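According to the numbering used here, the sequence shown holds residues 4 to 109 in order.
Ideal placement from N, C-alpha and C gives every residue a C-beta, glycine not left out.
These numbers come from a predicted model, not from an experiment.
This report refers to the structure that appears directly beneath it.
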Amino acid sequence: MKPSEYRNVFNTGIRFHEKTMLIIATKNTYGISRLGLAIAKKNVKKAVDRNRIKRVARESFRHNQSILKGIDIIVVARANMASNNNQVLQKILERNWVRIQSCKQF
4 MKPSEYRNVF NTGIRFHEKT MLIIATKNTY GISRLGLAIA KKNVKKAVDR
54 NRIKRVARES FRHNQSILKG IDIIVVARAN MASNNNQVLQ KILERNWVRI
104 QSCKQF
């Protein structure tokens, strides 16, 4: 996504709050779903943890892309996100993909 598209999602998107992450989603006009990641060094100190979180998020999104048609999604990391292992991150993301898919505004 381009910076202007990130701004659009941040300004107009619906927020789904979790303890370790914030997920923002909005409808797009492309007909395909797209994922953006905002994993700040301020919140996740180690590069290995930031890369692991990105890898898990991309993989989870790829597996669920078929149920998320025409939606732009941004995953924003919070400070304690790195303390979760891959399975916990996967479960949190799976739960939120279902929440987004069942949201009436999409």
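Meets three-Cβ-pair contact criterion under 8 Å: the stretch 57-68 and the stretch 4-21: Judged by Cβ distances under 8 Å, the stretch 57-68 makes no contact with the stretch 4-21, as fewer than three pairs qualify.
Expected contact under 8 Å - CB spacing of T3 and I17 to nearest Å: With the chain represented from 4 up to 109, any question about residue 3 goes unanswered, as that position is not in the structure.
For L40, the residue or residues it bridges with in DSSP: Counting from 1 along the sequence shown, the entry for residue 40 is found at position 37. Bridge partners of L40: V78.
Residue range of the alpha helix (DSSP H) that includes K94: In the sequence shown, the residue the question calls residue 94 occupies position 91. Segment N89 to S105, the alpha helix (DSSP H) holding K94.
Backbone secondary structure at T29 - three-state DSSP: Residue mapping note: residue 29 aligns to position 26 of the sequence shown, counting from 1. Collapsing the DSSP output to three states places T29 in a strand.
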